[in-house]
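Heads up: the structure comes next, in structure tokens.
Residue numbers (this note's numbering): 73 to 364.
Here's what the structure looks like:
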């Protein structure tokens, strides 16, 4: 695996955040400095917060809320006197399935780095990019932290994960930060985000990822077939169908939807690897003599 020419000082790229509610309870989170006095984190971390602290090494400072978009779960903070350097972000169009990434945040209040790759890019009714699914693991407290590529550029903002863990960790795309000017400063931090809304309101991908994480292949196959009918040009819909059929042991049937993924997105590394694996297994089974 490629490594950074010089490992960044992650403690200066991602900060620990503690939000205290009026009743005295706290929520641990993370925040990414974007440059100057501005930080970004998740709105769900700040929900009902009466006091927000940012930990900079041994120093604890109070942050103030700024713009927020509860639906996208992206909230901005001001930390007076910070003077952070501008955060380098991945270029438009470079975020792709298969890209090696690192999830940096403060689960349980301690700095942690999870390494992995992007395994899916999901559409959302939000402008500025697709929801990033990654195998780079993170846990509670890392929400609001950063997803970085191997060059140290910000790819996304860590947000939520499936209870089962695995490859089902998600980040908001850095492209949403470029659309900050259209965010509504009137939105309430108490509103639900797109991923907290149940059923189809969240889009098919959340339901599909939940079924995949639980290895419920038959329900996933039914959902994925409906998804491909509703969104026939969405590669992740066909990817879900291919995974479900493979999980059911229907390897031959799984090849066609996975090849459809590659027709829609020729750079989709997960689909390429899955097709190669299936073709190898199918070729091996055809070459083996029948047992008597």
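Even for Gly, the Cβ is constructed at its ideal location relative to N, Cα and C. No experiment lies behind these values; they were computed from the predicted model shown.
Specify the secondary structure class of residue i as computed by DSSP and reduced to three states.
{"i": "residue 159", "result": "coil"}
{"i": "residue 341", "result": "helix"}
{"i": "residue 181", "result": "helix"}
{"i": "residue 302", "result": "helix"}
{"i": "residue 86", "result": "coil"}
{"i": "residue 101", "result": "strand"}
{"i": "residue 347", "result": "helix"}
{"i": "residue 94", "result": "coil"}
{"i": "residue 201", "result": "coil"}
{"i": "residue 318", "result": "helix"}
{"i": "residue 275", "result": "coil"}
{"i": "residue 294", "result": "helix"}
{"i": "residue 195", "result": "coil"}
{"i": "residue 189", "result": "strand"}
{"i": "residue 80", "result": "coil"}
{"i": "residue 287", "result": "coil"}
{"i": "residue 261", "result": "Bear in mind that the predicted position of residue 261 carries a pLDDT of just 45, short of 50, making it unreliable; the figure below should be weighed with that in mind. Residue 261: coil per DSSP, three-state reduction."}
If you count every other CB in all the chains shown that lies within 10 Å of the CB of residue i, and 16 or more means buried, which is it?
{"i": "residue 141", "result": "buried"}
{"i": "residue 102", "result": "buried"}
{"i": "residue 158", "result": "exposed"}
{"i": "residue 258", "result": "Confidence is the limiting factor: at residue 258 the pLDDT is only 49, short of 50, which leaves the residue's position unreliable, though a coordinate-based value still follows. The residue in question, residue 258, is exposed, as its Cβ has fewer than 16 Cβ neighbours within 10 Å."}
{"i": "residue 163", "result": "exposed"}
{"i": "residue 228", "result": "buried"}
{"i": "residue 94", "result": "exposed"}
{"i": "residue 192", "result": "buried"}
{"i": "residue 87", "result": "buried"}
{"i": "residue 180", "result": "exposed"}
{"i": "residue 293", "result": "buried"}
{"i": "residue 265", "result": "buried"}
{"i": "residue 349", "result": "exposed"}
{"i": "residue 314", "result": "buried"}
From this set, the options, which residue's C-alpha is nearest residue i's C-alpha?
{"i": "residue 125", "options": "107, 152, 220", "result": "152"}
{"i": "residue 105", "options": "306, 308, 246", "result": "246"}
{"i": "residue 176", "options": "233, 110, 214, 312", "result": "214"}
{"i": "residue 184", "options": "168, 211, 171", "result": "211"}
{"i": "residue 123", "options": "99, 143, 145", "result": "99"}
{"i": "residue 83", "options": "135, 345, 192, 218", "result": "218"}
{"i": "residue 204", "options": "225, 181, 240, 224", "result": "240"}
{"i": "residue 168", "options": "182, 145, 194", "result": "194"}
{"i": "residue 263", "options": "117, 91, 89", "result": "117"}
{"i": "residue 333", "options": "354, 320, 296", "result": "296"}
{"i": "residue 284", "options": "307, 266, 318", "result": "318"}
{"i": "residue 224", "options": "242, 187, 308", "result": "187"}
{"i": "residue 242", "options": "251, 221, 222, 202", "result": "202"}
{"i": "residue 166", "options": "143, 190, 147", "result": "190"}
{"i": "residue 146", "options": "182, 171, 198", "result": "198"}
How many angstroms separate the CA atom of residue i from the CA atom of residue j?
{"i": "residue 340", "j": "residue 230", "result": "22 Å"}
{"i": "residue 304", "j": "residue 149", "result": "39 Å"}
{"i": "residue 133", "j": "residue 85", "result": "16 Å"}
{"i": "residue 248", "j": "residue 281", "result": "22 Å"}
{"i": "residue 131", "j": "residue 196", "result": "38 Å"}
{"i": "residue 155", "j": "residue 298", "result": "50 Å"}
{"i": "residue 351", "j": "residue 287", "result": "22 Å"}
{"i": "residue 310", "j": "residue 108", "result": "43 Å"}
{"i": "residue 208", "j": "residue 338", "result": "23 Å"}
{"i": "residue 160", "j": "residue 112", "result": "14 Å"}
{"i": "residue 80", "j": "residue 173", "result": "14 Å"}
{"i": "residue 128", "j": "residue 110", "result": "14 Å"}
{"i": "residue 45", "j": "residue 119", "result": "One cannot answer for residue 45 here, as it falls past the ends of the chain, which runs 73 to 364."}
{"i": "residue 138", "j": "residue 291", "result": "42 Å"}
{"i": "residue 244", "j": "residue 115", "result": "12 Å"}
{"i": "residue 276", "j": "residue 324", "result": "25 Å"}
{"i": "residue 234", "j": "residue 136", "result": "30 Å"}
{"i": "residue 354", "j": "residue 279", "result": "30 Å"}
{"i": "residue 316", "j": "residue 322", "result": "9 Å"}
{"i": "residue 328", "j": "residue 232", "result": "31 Å"}
Flag residue i as yes if its beta-carbon sits less than 8 Å from any beta-carbon of chain B, otherwise no.
{"i": "residue 187", "result": "The structure shown contains no chain B; it is built from a single protein chain."}
**Study point:** Entirely enclosed beta strand (DSSP E) segments - the region 106–179, minimum 3 residues
**Key:** 110–113, 121–128, 131–134, 136–141, 146–150, 172–177
Review point. What are the uninterrupted segments assigned as alpha helix (DSSP H) that are 4 or more residues long and contained completely in the region 207–256, given in chain order?
Key: 247–250
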